[in-house]
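*Asks:* Quick one: this structure, given as structure tokens, is what I'll be asking you about.
Residue numbers (the working numbering), protein chains in the order written: chain A, 2 to 899; chain B, 3 to 112.
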């Protein structure tokens, strides 16, 4: 006779009972089955038939474990920590529910796959964006008490100077008088040529005042930071280096303190190594104390930071700084510098340091987080509709279970458990997707945003994923679970399978579809507006020809080249040696090429058009350029001429070239050639004759209106730091290596750095925008696809439910086209309702986009026409596909069934 | 009335009644229910044992392995004191219910 124990054991396996109880149950049940078997065979049944009878009677796959499921928690092996407390509590049988739910999901692989993928996409993009938002916007700066840290600057928008940094003299003054921040420090970025052991290289550096590290609360790993006497002796020859440089260049030498390195040809003693991760500002490797000249107003170039004292607010501090500025100018010049005029907007800006560090990416990230959230909402709506449909499909199953004694609560719990499994399964898949996305995007963000060490999958992201999964459960699971369990048992059993569900379910389905359409339209509009902005930007003439132009920068050490004749000689040799090379069609030198960080702004006065007292003095950026610079960079000379040989030698006649924006400002209709202009000290202007007008160049960004530019001959204003601009049809790596060789031939200790093409520079300036656009487009199309799937599903179910009715209509003479129209009309109503809501939503939310838009308003008619058109087309196609099935209903079948 | 619905409400009562006089094992209980109901009520392993375990968990019945020479081990169920009280209550309620039903339907046949 058959041994029933293995079979029983197998049926019980899923319950995970403790071994003693399990053995008891197996023995008891096996004995029962033996008795029953004996009984059946003695009644004359063949052993095979008896066995078959037993197998179908209570021994099928689920019956036994389902029936015993609720006993599992009681008879299970004791939980290692207080599991016993659950005994019979509200969570009894939860694991059994989970198993039941997972079996139920596996039985419907199509639904499960679609649901998991939908959720994985929705959650993946959210987790990925969160992966960036958290370290960039939410995580506090890695400084002590970061919320006390502020940065401040002057502003004079009337002069076209939104940001005015501070000169040496003001630092001295602030340090004595400003009480709102204790301590305070100033610093400037300053790259160094690091030579000595190994190749000469250019490293990111900063020159801060002594209290810099104290303000940030940063302590060194080795040695010390700066002391007062490091920078008041008129010269500094000490440096603090970053952990990374210490590791990379000095192999983590523990005896590094006191050793020497060569910075810009000067021997410098290393006095400290900072801890890993401290690289402020930007990715600084070397800090050298700033040598302050207490009287100097020459370089308005220092950023100021400080730690707010208790009781001080950014507003009160800004007022203090304004008052101190007034005292400063009164003391120095016997009068306030800028007489207060009505409507004067100049003053002091005080910002938390954190908000200033991630400025550029803040808004795009928040926008993308919102967009990702919308994608998830759409995914949730889809899932809710799927589960609602499946709950209606399962009415009969649920009714049977209720009549067999399952409680409502239990059924709700099991249905909800399916949703929990889907949500968390989706979250796990989504995290995998997020890990990929974050890896793809992080190198990009790390380059752009200062002070970010890691963007990646971290506990915060896991927590976020868990949170959105929970939220998804609640959003998606509650309605179908309650509806599913709320069906009338009797009517469900009587009617059999009805696929439409009741009227309120249908209304919910429709509501979700309308919401999906509306949300995806909002994303489409947003993506469309950004796309138009990028198109407008790409269509902008930067004022130079970026293609085939390569730029590289050199910084000559002051010790060797610290005089004008030497600099002129180097510039001349460099130009002529590059010009002699084949394949280079033009070579120019400039103090700063377009799309480089450095800028030098000075006040500008035109002879005969001087501003009256109190009127703001306009500011121009000044560029020193060589004769062939405009040819090399590809900027047209609109009037007059470029610089020439004679401009260098004729000391009596100083010359300048202005750009069109200056010409338009002062000579809207006239000819500026021959007029005189001065930049810099307006008290003692050095008048320069305008010999030419060139096209306006956008030197900084495409999306900002260009500044005024005044060009002076490089030979008159030779520079230690120069950009070499070369025009050539050769590939840029080749051009760069030619430039590098030419520089090395002149001085092997001078590296060529920041070598790039102008096209790359423009691309780089648009990179954040491009990434935002690409992601927005991805989100919008994902949303479109999900919404199309959503409406497809609802219409398909609608058709399936009414297929008999359509058959009758066809039998009674309706044309197939009329039946299709009937179905599509229903879908179209939802689509157009969704579009109307979506347009309203987009208009009200488009304001958030305003700062990211360029050359397009937030209610751009073209976008608002095309996005709904695209959406309507796709959505109606998604309605039409299932609608065609309505015509396949056979009239005869339909009539017979009725 | 379908057997399943009848069973749902009354199965526990039936089992307790069968254990009133003496301890019995599972198969014996299922045979008694089947034979006394003339085949109208039948329990299989999946429906009977969960019930027995539930009654055991509630403390209404107590199970004990009993070994008789020459026979396999059997698990015998017997009423506990509490089980007896419950059964008494159930019987009283049932009697009242049946009497009430009789009173309601009697005139139809009078």
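All residues carry an ideal CB built from backbone N, CA and C; glycine is no exception.
Since this is a predicted model, take the numbers as computed values, not measurements.
Identify which residue in A:628, A:550 and A:399 has its Cα closest to the Cα of residue 596 of chain A.
*Replies:* Stepping through the first chain from its first residue, residue 596 of chain A is reached at position 595. Here the closest residue by C-alpha is A:550.
*Asks:* Flag residue 29 of chain A as yes if its beta-carbon sits less than 9 Å from any beta-carbon of chain B, otherwise no.
*Replies:* For this step, residue 29 of chain A is matched to residue 28 along the first chain. For residue 29 of chain A, the answer is yes, since a Cβ of chain B falls inside 9 Å of its Cβ.
*Asks:* Throw me the rounded Cβ distance for the residue 855 of chain A and residue 537 of chain A pair, which I believe falls under 8 Å.
*Replies:* Counting from 1 along the first chain, the entry for residue 855 of chain A is found at position 854. Counting from 1 along the first chain, the entry for residue 537 of chain A is found at position 536. Going by Cβ atoms, the distance from residue 855 of chain A to residue 537 of chain A rounds to 5 Å, so yes, they are a contact pair.
*Asks:* Could you run through the region 19 to 39 of chain B and flag, in chain order, every residue whose CB is less than 7 Å away from some CB of chain C?
*Replies:* Absence of chain C from the displayed structure is noted, the protein chains being A and B.
*Asks:* Closest by CA to residue 516 of chain A, which one among A:839, A:568 and A:33?
*Replies:* To locate residue 516 of chain A, count along the first chain from 1; it is residue 515. Closest by alpha carbon: A:839.
*Asks:* Does residue 94 of chain B come within less than 9 Å of chain A when only Cβ atoms are used?
*Replies:* By one-based count along the second chain, residue 94 of chain B stands at place 92. By this cut-off, residue 94 of chain B is not an interface position.
*Asks:* Please name the residue, chosen from A:529, A:308 and A:701, that lies closest to residue 179 of chain A on a Cα-to-Cα basis.
*Replies:* Locating residue 179 of chain A in the first chain gives position 178, where the first residue counts as 1. Nearest of A:529, A:308 and A:701 to residue 179 of chain A, Cα basis: A:308.
*Asks:* Do you know offhand how far residue 38 of chain B's Cα is from residue 32 of chain B's?
*Replies:* What you label residue 38 of chain B is simply residue 36 of the second chain in a count that begins at 1. What you label residue 32 of chain B is simply residue 30 of the second chain in a count that begins at 1. About 10 Å.
*Asks:* Quick one: what's got a C-beta closer than 7 Å to residue 66 of chain A's C-beta in the same chain, skipping five residues either side?
*Replies:* Translated into the one-based positions of the first chain, residue 66 of chain A becomes position 65. Excluding residues within five positions, the ones whose Cβ falls inside 7 Å are 12, 13, 15 and 16.
*Asks:* Look at the alpha carbon of residue 14 of chain B and the alpha carbon of residue 67 of chain B, and state the distance between them as a whole number of angstroms.
*Replies:* Stepping through the second chain from its first residue, residue 14 of chain B is reached at position 12. Stepping through the second chain from its first residue, residue 67 of chain B is reached at position 65. The straight-line gap from Cα to Cα measures roughly 21 Å.
*Asks:* Is residue 657 of chain A helix, strand or coil when you go by DSSP?
*Replies:* As a first step, residue 657 of chain A is located in the first chain; it is residue number 656 there, counting from the start. Looking at residue 657 of chain A - three-state DSSP - the assignment turns out to be strand.
*Asks:* Whose CA, out of A:2, A:380 and A:639, lies closest to the CA of residue 41 of chain A?
*Replies:* In the first chain, residue 41 of chain A corresponds to position 40, counting from 1. Measuring from the Cα of residue 41 of chain A, the nearest candidate turns out to be A:2.
*Asks:* Cβ atoms of residue 63 of chain B and residue 116 of chain B: under 9 Å apart, would you say?
*Replies:* Any question about residue 116 of chain B goes unanswered here, given that chain B covers just 3 to 112.
*Asks:* Assuming residue 376 of chain A and residue 123 of chain A form a contact by the criterion Cβ under 8 Å, report the distance between their Cβ atoms to the nearest whole angstrom.
*Replies:* In the first chain, the residue the question calls residue 376 of chain A occupies position 375. In the first chain, the residue the question calls residue 123 of chain A occupies position 122. 5 Å between Cβ atoms; contact.
*Asks:* Say whether chain A places a C-beta atom closer than 9 Å to the C-beta of residue 80 of chain B.
*Replies:* Along the second chain, read from residue 1 onward, the residue named residue 80 of chain B stands at position 78. So no, residue 80 of chain B is outside the interface.
*Asks:* State the DSSP-derived secondary structure class of residue 177 of chain A, mapped to helix, strand or coil.
*Replies:* On the first chain, residue 177 of chain A is found 176 positions in, with the first residue counted as 1. Helix, per DSSP.
*Asks:* Take the Cβ of residue 793 of chain A as the centre, count every other Cβ of all protein chains shown within 10 Å, and call the residue buried at 16 or more, exposed below.
*Replies:* Within the first chain, numbered from 1, the residue matching residue 793 of chain A stands at position 792. With 16 or more Cβ atoms within 10 Å of its Cβ, residue 793 of chain A is classed as buried.
*Asks:* Let me make sure I understand the geometry here. Which of A:697, A:570, A:224 and A:863 has the alpha-carbon closest to that of residue 274 of chain A?
*Replies:* Within the first chain, numbered from 1, the residue matching residue 274 of chain A stands at position 273. The option with the nearest alpha carbon to residue 274 of chain A is A:224.
*Asks:* What residues from chain B crowd round residue 36 of chain A, counting only those whose CB sits closer than 7 Å?
*Replies:* In the first chain, the residue the question calls residue 36 of chain A occupies position 35. Result: 29.
*Asks:* Any C-beta of chain A within less than 9 Å: which residues of the region 59 to 89 of chain B qualify?
*Replies:* The region 59 to 89 of chain B vs chain A, Cβ under 9 Å: 59, 65, 67, 74, 75, 76 and 77.
*Asks:* Considering only residues of the same chain and omitting the five flanking positions on each side of residue 52 of chain A, which have a CB-CB separation below 8 Å?
*Replies:* Reading the first chain from its first residue, position 51 is the one you call residue 52 of chain A. Counting only Cβ-Cβ distances below 8 Å, and skipping sequence neighbours, we find 3 and 38.
*Asks:* Name the two residues that bound the continuous alpha helix (DSSP H) containing residue 21 of chain A.
*Replies:* Looking up residue 21 of chain A in the first chain gives position 20. Residue 21 of chain A -> alpha helix (DSSP H) spans 20 to 43.
*Asks:* By how many angstroms is the C-alpha of residue 125 of chain A removed from the C-alpha of residue 433 of chain A?
*Replies:* Your numbering for residue 433 of chain A matches position 432 in the first chain. Your numbering for residue 125 of chain A matches position 124 in the first chain. In a straight line, the C-alpha of residue 433 of chain A is about 7 Å away from that of residue 125 of chain A.
*Asks:* Note down, in chain order, every chain B residue with its Cβ under 7 Å from the Cβ of residue 33 of chain A.
*Replies:* Reading the first chain from its first residue, position 32 is the one you call residue 33 of chain A. Chain B residues near residue 33 of chain A: 28, 29 and 47.
*Asks:* Which class does residue 629 of chain A belong to by DSSP, given the choice of helix, strand or coil?
*Replies:* In the first chain, counting from the first residue as 1, residue 629 of chain A sits at position 628. If DSSP states are grouped into helix, strand and coil, residue 629 of chain A belongs with coil.
*Asks:* Locate the beta strand (DSSP E) running through residue 163 of chain A, then write down its first and last residues.
*Replies:* Position 162 of the first chain, counted from the start, is the residue given in the question as residue 163 of chain A. Taken as a continuous stretch (DSSP letters only), the beta strand (DSSP E) holding residue 163 of chain A covers 162 to 165.
*Asks:* Short of 6 Å in beta carbon distance, which residues of its chain neighbour residue 644 of chain A, apart from the five on each side in sequence? Order them along the chain.
*Replies:* Counting from one through the first chain, the residue named residue 644 of chain A turns up at place 643. So the list reads 628 and 714, once near-sequence residues are dropped.
*Asks:* Enumerated in chain order, which unbroken segments of the alpha helix (DSSP H) with a length of 4 residues or greater are wholly contained in the region 230 to 311 of chain A?
*Replies:* List check, alpha helix (DSSP H) in window: 244 to 251.
*Asks:* Taking 9 Å as the threshold (beta carbon to beta carbon), is residue 40 of chain A in contact with chain B?
*Replies:* Sequence index remark: in the first chain, residue 40 of chain A carries index 39 (1-based). Residue 40 of chain A counts as touching chain B.
*Asks:* Would you identify the three-state DSSP class for residue 4 of chain B, choosing helix, strand or coil?
*Replies:* Along the second chain, read from residue 1 onward, the residue named residue 4 of chain B stands at position 2. Since pLDDT at residue 4 of chain B reaches only 42, below the 50 mark, its modelled position is unreliable, and no value is offered.
*Asks:* Using the beta-carbon count (16 or more within 10 Å), is residue 411 of chain A buried or exposed?
*Replies:* Working through the first chain from its first residue, we reach residue 411 of chain A at position 410. It counts as buried.
*Asks:* Using the C-alpha atoms, what's the distance from residue 426 of chain A back to residue 469 of chain A?
*Replies:* Taking the first residue of the first chain as position 1, residue 469 of chain A is located at position 468. Taking the first residue of the first chain as position 1, residue 426 of chain A is located at position 425. Between residue 469 of chain A and residue 426 of chain A, the C-alpha separation is close to 12 Å.
*Asks:* Grab the span of the beta strand (DSSP E) containing residue 183 of chain A for me, first residue to last.
*Replies:* In the first chain, the residue the question calls residue 183 of chain A occupies position 182. Segment 182 to 190, the beta strand (DSSP E) holding residue 183 of chain A.
*Asks:* Could you check which residue in A:864, A:787 and A:350 has the C-alpha nearest to that of residue 157 of chain A?
*Replies:* As a first step, residue 157 of chain A is located in the first chain; it is residue number 156 there, counting from the start. Closest by alpha carbon: A:350.
*Asks:* Does DSSP classify residue 795 of chain A as helix, strand or coil?
*Replies:* For the purposes of this step, residue 795 of chain A is taken as the residue at position 794 of the first chain. Three-state result, residue 795 of chain A: helix.
*Asks:* Residue 590 of chain A by DSSP, collapsed to three states: which one?
*Replies:* As a working note, residue 590 of chain A is residue 589 in the first chain. Residue 590 of chain A falls in the strand class under three-state DSSP.
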